[in-house]
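Contents: one structure, followed by commentary.
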Amino acid sequence: MSSSRASPSGSLGPSAVGKMEKRKVSAKADELDAYMEKLYDDDVESKLEGAKMILQLAEFAGNIEALVQNEALMSLLSRVLNDDYKKSYDFSLTMMRIFWCFSNFLQLHPVLANLRIGAITLKIVEFELKRHQLRLEEETLLATEALGGTDALAKLEREKKRNKKRRKKQDQLL
Numbered sequence: 087m088s089s090s091r092a093s094p095s096g097s098l099g100p101s102a103v104g105k106m107e108k109r110k111v112s113a114k115a116d117e118l119d120a121y122m123e124k125l126y127d128d129d130v131e132s133k134l135e136g137a138k139m140i141l142q143l144a145e146f147a148g149n150i151e152a153l154v155q156n157e158a159l160m161s162l163l164s165r166v167l168n169d170d171y172k173k174s175y176d177f178s179l180t181m182m183r184i185f186w187c188f189s190n191f192l193q194l195h196p197v198l199a200n201l202r203i204g205a206i207t208l209k210i211v212e213f214e215l216k217r218h219q220l221r222l223e224e225e226t227l228l229a230t231e232a233l234g235g236t237d238a239l240a241k242l243e244r245e246k247k248r249n250k251k252r253r254k255k256q257d258q259l260l
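Reading the sequence shown from the start, the letters are residues 87 to 260 in the working numbering.
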C-alpha cells in the first residue's frame with residue numbers, strides 16, 4: 087500500500103517526518119505508571135512530558151475518579167508541584183491545569199485541601215508576582231541605561247520583547 091507521504095524509495099520524506107513530530111501523542115490510562123515515573127526524573131523536560139500525559143487523562147471526566155483514587159499519583163503530583171514550580175513556566179502551568187481539572191468537581195475539594203493545593207497555588211502566585219516585579223525593576227534600570235546609547239537601547243528593546251512573552255505565559259499560569 088503506498089502513501090502520498092512516502093518518497094519514491096519507500097522511506098518517509100522530510101515533510102512527512104515533520105508532520106509526524108507535530109502530531110499529538112494520546113495518553114493511555116494503562117500507561118499511568120510510566121507517566122508517573124517521568125515525574126521522578128531530574129530532567130524538567132521529562133517531567134513536563136509526563137505531566138502533559140497525565141493532563142490529557144485528567145481532561146477527560148471519565149478518568150477523574152480513577153486518577154483521584156490513586157493516592158500515590160495524587161501525593162506525587164502535589165509534591166512535584168510544590169518542589170518544582172520554580173523550574174519551568176510550562177511545567178507549572180501543566181501541573182496547575184491538572185489540579186484545575188480536579189477542582190471542577192466539588193466532591194474533590196476536600197481531597198485538594200488535604201493535599202494543600204490551595205496553599206501551593208498561593209505560593210506560586212506570590213512567586214510569580216515577585217518575579218514580575220523584579221522584571222519591571224530590571225526594565226526600568228535598562229531604560230535608565232538606554233539614555234546613554236544605542237547599544238543599551240537595543241538591549242532594552244530585546245528585554246521588553248522577552249518580558250512580553252514571559253507575561254503572556256505568566257498570565258496563563260495565573
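Don't be surprised by glycine CBs; every beta carbon is placed ideally from N, CA and C.
These numbers come from a predicted model, not from an experiment.
Separation of N168 and G235 (C-alpha to C-alpha, rounded to the nearest whole angstrom) is 43 Å.
When C-beta atoms of the region 146-156 are compared with those of the region 175-183, fewer than three pairs fall below 8 Å, so the two segments do not count as touching. Collapsing the DSSP output to three states places R221 in a helix. Under the three-state reduction of DSSP, D237 is assigned to helix. The Cβ atoms of L228 and E245 lie closer than 7 Å to each other. For S178, the uninterrupted alpha helix (DSSP H) run begins and ends at 175-189, by DSSP.
Secondary structure at N156: coil, using DSSP grouped into helix, strand and coil.
Between the region 198-208 and the region 219-226, the count of C-beta pairs closer than 8 Å stays below three; the two stretches do not touch.
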